[in-house]
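Student: The opening position of the sequence shown corresponds to residue 91 in my numbering, with each subsequent residue numbered one higher. Backbone N, C-alpha and C define an ideal beta-carbon position, used for all residues, glycine too.
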Amino acid sequence: RELVGQLKDKSDSKKVVLCGIGEPTLHPDFKEIIQILNKGDLNICLTTNGINLDLELYKFLLKHNLKQLNFSINAYTQDIYKLVMNQDNFYNVLRNVKSIIEYTDDIKLSVELNVTFVLCEENNHEVNDFINEWYNSDISHIVIHPMNNRAGLLNGRLKQVDHWSLAKKYADDPSRLQRKRTEERRV
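1) Would you please verify whether the beta carbon of K188 is less than 7 Å from any beta carbon of chain C?
2) When the Cα atoms are used, what is the spatial distance from L248 to E146?
3) Starting from the Cα of R185, find the closest Cα among L143, W254, I170 and give me that residue.
4) How many Å lie between V251 and L136 at the Cα?
5) Does any heavy atom of the ligand FAD sit closer than 6 Å to the C-beta of S230?
6) Under a three-way DSSP split, which group does T290 fall into?
7) How is L108 classed by DSSP in three states: helix, strand or coil?
8) What first and last residue would you give for the alpha helix (DSSP H) that runs through L147?
9) Please go through the same chain and pick out, in chain order, the residues whose beta-carbon is closer than 6 Å to the beta-carbon of Q158, but skip the five residues on each side of it.
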């Protein structure tokens with residue numbers, strides 16, 4: 091609460107990004123934190139694995155100033171999703187993402203919806219299929235990140251891969267990797 095007051099009073103930035111190592115929606119006080127941020131008149135950006143983010147929670151977030159939502163999917167197939175994410179919720183996540191996209195489109199909201207893919211050796215062979223799958227969908231951006239070892243937390247289960255060949259492949263078509271949703275769809 092003190093931090094929200096400081097941000098509101100002393101900062102030019104009015105955006106708070108909830109992401110990092112761990113899933114924000116698992117915090118036991120997640121909804122209370124969102125409400126506190128909303129009282130501070132701060133725009134909320136959330137990065138999630140999408141497992142817990144169903145339509146009901148999305149509607150709650152919209153009421154509390156959600157402006158950007160990033161879904162870390164990191165795979166194109168269930169098997170690779172399970173390997174990379176160490177979770178067996180691939181189809182549940184896809185269902186959540188697609189229902190949120192549909193709801194956002196139906197009521198013409200101006201929320202930035204993104205899908206992300208953290209590139210590693212284990213999912214590298216799926217990145218092009220992932221890009222192709224989401225390219226014509228109604229999301230704002232497709233974001234491909236190289237995997238990194240923040241604070242040494244990776245246990246060696248996943249391996250980094252050279253992402254420069256992918257960057258070169260799409261160098262002439264940067265919109266392919268980070269495509270902005272068309273503005274005529276917005277109110």
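Tutor: So, from the listed chains and residues:
1) In the structure shown, chain C does not exist; there is a single protein chain.
2) 33 Å
3) Taking R185 as reference, the option from L143, W254, I170 with the minimal CA-CA separation is L143.
4) 26 Å
5) The ligand FAD is absent from the structure shown, which contains no ligands of any kind.
6) The chain is shown from 91 up to 277; residue 290 falls before or after that span and cannot be answered.
7) The three-state secondary structure of L108, taken from DSSP, is strand.
8) 145-153
9) C135, E202
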